[in-house]
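Quick note: to get our numbering, add 2 to the position in the sequence shown (first position is 1).
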Amino acid sequence: MNTTLKQKNFSFKAIVILAASVIFIGLAVKFYMDVLNAKALIEKNITETIAIEKAKIPYQVNPDLNLVNIKQDKLHLTYTYQAIYKTVNEIDVQHPEKYYTLAQQTDNCEFYRAYVVLGVVIDYKYIDKNGKLLFTKSVDKATCKL
3 MNTTLKQKNF
13 SFKAIVILAA
23 SVIFIGLAVK
33 FYMDVLNAKA
43 LIEKNITETI
53 AIEKAKIPYQ
63 VNPDLNLVNI
73 KQDKLHLTYT
83 YQAIYKTVNE
93 IDVQHPEKYY
103 TLAQQTDNCE
113 FYRAYVVLGV
123 VIDYKYIDKN
133 GKLLFTKSVD
143 KATCKL
């Protein structure tokens with residue numbers, strides 16, 4: 003009789019552990035699927051928004067810069083800005099604050115926060131009037147301290 007009680011007790015514990023494991027795995031899979039669905043939805047929204055923005059390119063952002071290209075690779079965006087009048091030799095690339103300020107970085111981190119948390123990376127690439135790279139600034143989890 004004692005053996006049967008131990009077997010029942012063991013069986014009950016095994017069933018509880020199995021049920022808890024199945025529930026945990028189910029919740030983990032649901033969470034993972036929700037994240038994948040969110041990323042797919044964001045990618046779709048980004049693709050639609052980029053198509054609208056690309057139709058306006060090139061356009062003058064300010065007296066010194068034109069937006070000349072937007073490239074998307076899934077959740078990675080690259081905006082390319084071109085200096086209108088200056089070459090790489092005329093721009094202090096060690097101090098790019100005239101083109102991309104700390105305030106802009108902060109604003110971009112706040113504006114894109116919900117996307118960045120899910121893995122979106124946005125690069126702002128600056129080139130001179132001849133197409134030579136000046137510098138690149140990024141909005142991602144690291145630069146936004148997320």
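Where is the CB? At the ideal position from N, CA and C, for every residue including glycine.
{"Asked": "Would you mind giving the Cβ-Cβ distance between Val90 and Leu120, rounded to the nearest angstrom? I have them listed as a contact below 8 Å.", "Found": "So it is not a contact: roughly 35 Å between Cβ atoms."}
{"Asked": "From which residue to which residue does the beta strand (DSSP E) around Asn71 run?", "Found": "67–75"}
{"Asked": "Here's the rule: buried if 16 or more other CB atoms are within 10 angstroms of the residue's CB, otherwise exposed. What is Val122?", "Found": "buried"}
{"Asked": "Give me the Cα-Cα distance between Ile25 and Ser13, rounded to the nearest whole angstrom.", "Found": "18 Å"}
{"Asked": "Among Lys15, Lys131, Ile44, Ile72, which one has its Cα closest to the Cα of Tyr87?", "Found": "Lys131"}
{"Asked": "Is DSSP giving Leu136 helix, strand or coil here?", "Found": "strand"}
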